[in-house]
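Q:
Rendered as structure tokens:
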């Protein structure tokens, strides 16, 4: 089971992942990471790399809808979901370490490197009356939750 840190999040690179199997290259888990971009970071991301709009959503509202739906689909397959806020500064460092100057959707999907990350993740979903994961300060039930309800087809 996941062990929350002092802030209620789950620490990457330790107790945050529950391994369920191994092969020659990978360690498998029943927990899926969902990276989301807070409003200011989303704007910075698309200013620097507009080609990533198809991956993250052209607007912040579209981004939040995509993240919420993705988390709902993942949870319905039986995986737990942990969320992590992305930052452009961390992404730029991640890309520079790999010699990437013009990131693609695949590069974005590889971020962050969980083998070396030491940031806190937060389990998804929040309760209906908790603050929404996206950072608006509104209750989850009045903010992003409606996007995860209904048919996921």
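Numbering (the working numbering), first residue to last: 2 to 154. Think of the CB as a built atom: it goes at the ideal place given N, C-alpha and C, for glycine as much as any other residue.
1) Between residue 71 and residue 43, is the Cβ-Cβ spacing less than 8 angstroms?
2) CA-CA distance, residue 125 and residue 38?
3) If I follow the unbroken beta strand (DSSP E) through residue 120, where does it start and stop?
4) Could you check whether the region 98–110 touches the region 43–53, counting it as contact only if at least three pairs of C-beta atoms, one from each stretch, sit closer than 8 angstroms?
5) Taking the Cβ atom as the reference point for each residue, do residue 109 and residue 56 lie within a distance shorter than 8 angstroms?
6) Roughly how many angstroms lie between the CA atoms of residue 89 and residue 144, to the nearest whole one?
7) Around the Cβ of residue 85, are there at least 16 other Cβ atoms within 10 angstroms (buried) or fewer (exposed)?
8) Looking at the strands, I want to know which residues DSSP matches up with residue 32.
9) Residue 93 by DSSP, collapsed to three states: which one?
10) Nearest to residue 31 by CA position, among 67, 83, 94, is which residue?
11) Express the C-alpha separation of residue 111 and residue 98 in angstroms, rounding to a whole number.
12) For residue 87, count neighbouring Cβ atoms within 10 angstroms of its own Cβ and tell me buried if that reaches 16, exposed if not.
13) Give a yes or no on whether the C-beta atoms belonging to residue 136 and residue 67 are separated by under 8 angstroms.
14) Tell me the rounded alpha-carbon separation between residue 1 and residue 127.
A: Considering the structure as presented:
1) Not in contact: residue 71 and residue 43 (Cβ atoms no closer than 8 angstroms).
2) 15 angstroms
3) From DSSP, residue 120 is part of no beta strand (DSSP E); its letter is neither H nor E.
4) Inter-segment contact for the region 98–110 and the region 43–53 is present: three or more beta-carbon pairs are separated by less than 8 angstroms.
5) yes
6) 24 angstroms
7) Classification of residue 85: buried, given that the 10 Å Cβ count is 16 or more.
8) Under DSSP, residue 32 forms a beta bridge with 81.
9) helix
10) 83
11) 13 angstroms
12) buried
13) no
14) The requested residue 1 is not part of the displayed model; the chain covers only 2 to 154.
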